[in-house]
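Q:
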Amino acid sequence: MNTDHLYGQDTPRKLKTLTAEEKRVIIDKGTERPFTGKYDDFFEDGVYTCKQCGAPLYRSGDKFASHCGWPSFDDEIPGAVKHVPDADGQRTEIICNHCGAHLGHVFSGEGYTAKNVRHCVNSISLQFLPADSLQQKAYFAGGCFWGVEYYMQQAEGVLSTTVGYMGGTKAKPTYEEVCAGNTGYLETVQVVFDPRKTSYEKLAKLFFEIHDPTQTDGQGPDIGQQYVSAVFYANEQQKEVADKLIGILKKKGFNVATSLRPAATFWKAENYHQDYYKHHQKLPYCHTRVKRF
Ligand SMILES: [Zn+2]
Numbered sequence: 004m005n006t007d008h009l010y011g012q013d014t015p016r017k018l019k020t021l022t023a024e025e026k027r028v029i030i031d032k033g034t035e036r037p038f039t040g041k042y043d044d045f046f047e048d049g050v051y052t053c054k055q056c057g058a059p060l061y062r063s064g065d066k067f068a069s070h071c072g073w074p075s076f077d078d079e080i081p082g083a084v085k086h087v088p089d090a091d092g093q094r095t096e097i098i099c100n101h102c103g104a105h106l107g108h109v110f111s112g113e114g115y116t117a118k119n120v121r122h123c124v125n126s127i128s129l130q131f132l133p134a135d136s137l138q139q140k141a142y143f144a145g146g147c148f149w150g151v152e153y154y155m156q157q158a159e160g161v162l163s164t165t166v167g168y169m170g171g172t173k174a175k176p177t178y179e180e181v182c183a184g185n186t187g188y189l190e191t192v193q194v195v196f197d198p199r200k201t202s203y204e205k206l207a208k209l210f211f212e213i214h215d216p217t218q219t220d221g222q223g224p225d226i227g228q229q230y231v232s233a234v235f236y237a238n239e240q241q242k243e244v245a246d247k248l249i250g251i252l253k254k255k256g257f258n259v260a261t262s263l264r265p266a267a268t269f270w271k272a273e274n275y276h277q278d279y280y281k282h283h284q285k286l287p288y289c290h291t292r293v294k295r296f
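See the structure below:
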């Protein structure tokens, strides 16, 4: 599931058409019956977004079992939830800071957790997104994978990087086989990133700035088919982004040689290639960052 669209702060969010029961709670500020909501007794890893507009509101790490009958959180995602005096003159109502959807009420001083706060939220006001669906993968081949990994793992929002091989057909290729230059495999870096903190476009731009996308026979001093420049796109959206960036570079006069190819099986490289520069405390000989955008 692609959730990029959820996180752009300035992007207008499309509001969901609500069912009658959703409207009763979200618009008319009703309350669902206790112990009936979908997320009351639910503790999976992920993020809770606003049912109406999709804005991220709560993290699963802040959810706790209050046994009060509604999902309870002792913290909110910063800036996501607005606290307003309730019409009853007593309680504090919580609403989505983006679209104003009614969420529930917030209480303090009850002693449930160390933070001493309880956001008491109607399940029906929320939509849960599992953690797995929030991570995305990108695959870049730009010469020696040690250097590409070195830069990618320092980028904001990158959760992990792995070096390996993509593009060939033989199962379980070894470094020696790939080095022969005739397997079809390219030295490739798998980048796992959090789209709440970065975007595919940012990472792809970085990719085009840490290697020379105009070199046709390899990268830097590393010559051979296994070192050529390629973006292995994991979905159509990634393909469009990479294609757009190549178009921008071409307009700027770069004769881009980078090929766009659909992602295939990624074979992890031998352990001694992983985090190479980190382990050896050296700087890449093969890659430097050059501003191109
Ligand atoms: Zn909202």
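To get my numbering, take the position in the sequence shown, counting from 1, and add 3. Backbone N, C-alpha and C fix where the C-beta goes; we use that ideal spot for every residue, glycine too. Please read all numbers here as calculations on a predicted model, not as lab measurements.
Determine the direct distance from the alpha carbon of Q193 to that of T165, and round the result to whole angstroms.
A: Distance between the alpha carbons of T165 and Q193: 5 Å.
Q: Sorry if obvious, but does the Cβ on C123 come closer than 8 Å to a heavy atom of ligand 1?
A: The answer is no for C123.
Q: Inspect the beta-carbon positions of V234 and A144 and report whether they are closer than 9 Å.
A: Yes. Within cutoff.
Q: Identify, in the order they occur along the chain, each residue of the same chain with its Cβ nearer than 7 Å to the Cβ of R292, setting aside the five sequence neighbours on each side.
A: If we look at R292 and ignore the five residues flanking it on each side, its Cβ neighbours are Y154, E212, I213.
Q: Can you have a look at G167 and say buried or exposed, based on whether 16 or more other CB atoms are within 10 angstroms of its CB?
A: G167 is buried by the Cβ-count criterion.
Q: I want to check one thing, is the minimum distance from the CB of H86 to the heavy atoms of ligand 1 below 8 Å?
A: No, the beta carbon of H86 sits no closer than 8 Å to any heavy atom of ligand 1.
Q: Helix, strand or coil for F296, going by three-state DSSP, please let me know.
A: Correct three-state label for F296: coil.
Q: Note down, in chain order, each residue of its chain lying with its Cβ closer than 8 Å to the Cβ of K285, except the 5 sequence neighbours on either side.
A: So the list is empty, once near-sequence residues are dropped.
Q: Any heavy atom of ligand 1 within a distance shorter than 8 Å of the CB on A183?
A: Result no, Cβ not under 8 Å from ligand 1.
Q: Three-state secondary structure (DSSP) at Q12?
A: Residue placement at Q12 is flagged as unreliable, the pLDDT there being 41, under the threshold of 50; a coordinate-derived value is accordingly withheld.
Q: When you compare only the Cα positions, how much space is there between I251 and A117?
A: Spanning the two alpha carbons is a distance of roughly 51 Å.
Q: Just grab the DSSP bridge partners of D225 for me.
A: Answer is Q222.
Q: Tell me which same chain residues have a C-beta within less than 7 Å of the C-beta of F110, skipping the five on either side of it?
A: Hits under 7 Å: R121, C123.
Q: Alpha carbon to alpha carbon, what distance is there between V259 and Q218?
A: Taking the straight line joining both Cα atoms gives about 8 Å.
Q: Would you check whether ligand 1 has a heavy atom nearer than 8 Å to the C-beta of G107?
A: Not so, every heavy atom of ligand 1 lies at least 8 Å from the Cβ.
Q: Alpha carbon to alpha carbon, what distance is there between P59 and L132?
A: Roughly 9 Å between the two C-alpha positions.
Q: Among N125, K173, K255, E159, which has the Cα closest to the Cα of E35?
A: Nearest option by C-alpha distance: N125.
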